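These notes concern the structure reproduced below.
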Amino acid sequence: MEKLRLVAEPGQHNLTMWRDFNAPRERVFRALTDPTLIPRWWGPKDTTTLVDKMEVRKGGIWRYVQRDADGSENGFNGVYHDITSPERMIYTFEWEGLPGHVLLETVTLTERNGVTTITDASVFQSIEDRDGMIQSGMERGASETWDRFEELLKTM
Amino acid sequence: MMTTFEALAEPTRRHILDLLLERPRLVGELADLLKVSQPGVSKHLRVLRDVGLVKVRQDAQRHWYELRPEPLAEVEAWLEPYRQLMEARYDRLEGLLNELQDEEKRHGKT
Numbered sequence: 001m002e003k004l005r006l007v008a009e010p011g012q013h014n015l016t017m018w019r020d021f022n023a024p025r026e027r028v029f030r031a032l033t034d035p036t037l038i039p040r041w042w043g044p045k046d047t048t049t050l051v052d053k054m055e056v057r058k059g060g061i062w063r064y065v066q067r068d069a070d071g072s073e074n075g076f077n078g079v080y081h082d083i084t085s086p087e088r089m090i091y092t093f094e095w096e097g098l099p100g101h102v103l104l105e106t107v108t109l110t111e112r113n114g115v116t117t118i119t120d121a122s123v124f125q126s127i128e129d130r131d132g133m134i135q136s137g138m139e140r141g142a143s144e145t146w147d148r149f150e151e152l153l154k155t156m
Numbered sequence: 157m158m159t160t161f162e163a164l165a166e167p168t169r170r171h172i173l174d175l176l177l178e179r180p181r182l183v184g185e186l187a188d189l190l191k192v193s194q195p196g197v198s199k200h201l202r203v204l205r206d207v208g209l210v211k212v213r214q215d216a217q218r219h220w221y222e223l224r225p226e227p228l229a230e231v232e233a234w235l236e237p238y239r240q241l242m243e244a245r246y247d248r249l250e251g252l253l254n255e256l257q258d259e260e261k262r263h264g265k266t
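Chains as they are written, first to last, in the working numbering: chain G, 1 to 156; chain S, 157 to 266.
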């Protein structure tokens, strides 16, 4: 079943996703902003995430290092523009492999009857940047699929 | 030739597809509804035909333009791996939230 909704209209600079979580938004906000909790969910399967910096306040810097199973590392960083607990955070996001291609991410939490919706809206500098990000997901997604396929083969 | 993505990037062409989703239409009808000249609409229709999003059915002297939705599946397929990647991340977040709930319970919080 699809729980995540993702919209990326052709020819636009943005990408928006939504998903519901069966938790109060204070808890969801904590999971998003507590440096000790980030490594427990951020980054794809078979990678470990190290929180290098996480100054959760306006003007603060964040930087994560993601280590892949083969030992290669990818850095990600940005600056917090707005932190309004427990409802909103706005920050920039940059992959260090492609410096200068920065996107602006607005994460909004809304709670209804104990269910919290995360809305994650990203605005890119260009259509090409956005499409490149989706394309990279395609490569990563494909590699995860092959990893799972490999695991399956081992059990056969 | 343009790709499906490039064809869909133009707002007037997306509007044409919305109108054809309701029912097949004639060029003149589309021009009136869009407030665009007939040659302008014809140009967009040619692009949409080239990428296979629109087909033409001839009825006596009239050309009916119809939607052909198959190439839209290609656009969906393009997004799907990225959606799955993000879905996997959010699945882990959901798992963490459940663990946090258990921890809170153990510490006597509500």
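By construction, the Cβ of each residue, glycine as well, lies at the ideal position given by its N, Cα and C atoms.
Note that the structure is a prediction, hence the values are computed from the model and not measured.
Length of the line joining the Cα atoms of residue i and residue j
i, j, result
"G43 of chain G", "R245 of chain S", "7 Å"
"E260 of chain S", "G100 of chain G", "41 Å"
"R30 of chain G", "I172 of chain S", "46 Å"
"P10 of chain G", "L249 of chain S", "29 Å"
"Q66 of chain G", "F93 of chain G", "14 Å"
"H222 of chain S", "D188 of chain S", "The amino acid at residue 222 of chain S is misidentified as His; the sequence shows Glu. Answer to the nearest angstrom: the Cα atoms are 17 Å apart."
"I61 of chain G", "Y80 of chain G", "6 Å"
"R275 of chain S", "V115 of chain G", "Nothing about residue 275 of chain S can be read from this structure; chain S reaches only from 157 to 266."
"S136 of chain G", "R130 of chain G", "10 Å"
"G75 of chain G", "A69 of chain G", "15 Å"
"E185 of chain S", "A216 of chain S", "17 Å"
"V102 of chain G", "M89 of chain G", "16 Å"
"E243 of chain S", "R179 of chain S", "36 Å"
"V231 of chain S", "H200 of chain S", "19 Å"
"R233 of chain S", "G132 of chain G", "Residue 233 of chain S is actually Ala in this sequence, not Arg. The straight-line gap from Cα to Cα measures roughly 15 Å."
"Y91 of chain G", "N254 of chain S", "26 Å"
"S72 of chain G", "L50 of chain G", "13 Å"
"S85 of chain G", "P167 of chain S", "38 Å"
"E226 of chain S", "H219 of chain S", "21 Å"
"A121 of chain G", "L37 of chain G", "22 Å"
"V203 of chain S", "Q125 of chain G", "27 Å"
"G59 of chain G", "M158 of chain S", "43 Å"
"W41 of chain G", "R224 of chain S", "41 Å"
"D247 of chain S", "V183 of chain S", "48 Å"
Burial state of residue i (16 or more Cβ within 10 Å)
i, result
"V107 of chain G", "buried"
"M1 of chain G", "At M1 of chain G, the pLDDT of 43 sits below 50, so the modelled position is not reliable and the matter cannot be decided from this model."
"V207 of chain S", "buried"
"S193 of chain S", "exposed"
"T160 of chain S", "buried"
"A158 of chain G", "Lying before the first or after the last residue shown, residue 158 of chain G is absent from chain G, which here runs from 1 to 156."
"H263 of chain S", "exposed"
"P195 of chain S", "exposed"
"L252 of chain S", "buried"
"L166 of chain G", "This structure does not reach residue 166 of chain G, given that chain G is present from 1 up to 156, and the question cannot be answered."
"L32 of chain G", "buried"
"P237 of chain S", "buried"
"L177 of chain S", "exposed"
Distance CB(residue i)-CB(residue j) smaller than 8 Å
i, j, result
"E55 of chain G", "N77 of chain G", "no"
"T48 of chain G", "P39 of chain G", "yes"
"V212 of chain S", "R205 of chain S", "yes"
"L6 of chain G", "L228 of chain S", "no"
"R27 of chain G", "Q257 of chain S", "yes"
"L209 of chain S", "A165 of chain S", "no"
"Q12 of chain G", "I127 of chain G", "yes"
"L190 of chain S", "R181 of chain S", "no"
"T119 of chain G", "T16 of chain G", "yes"
"E87 of chain G", "L109 of chain G", "yes"
"D46 of chain G", "R63 of chain G", "no"
Cβ distance (whole Å) where residue i is taken to contact residue j below 8 Å
i, j, result
"L4 of chain G", "R19 of chain G", "5 Å"
"N14 of chain G", "V123 of chain G", "5 Å"
"I83 of chain G", "R57 of chain G", "6 Å"
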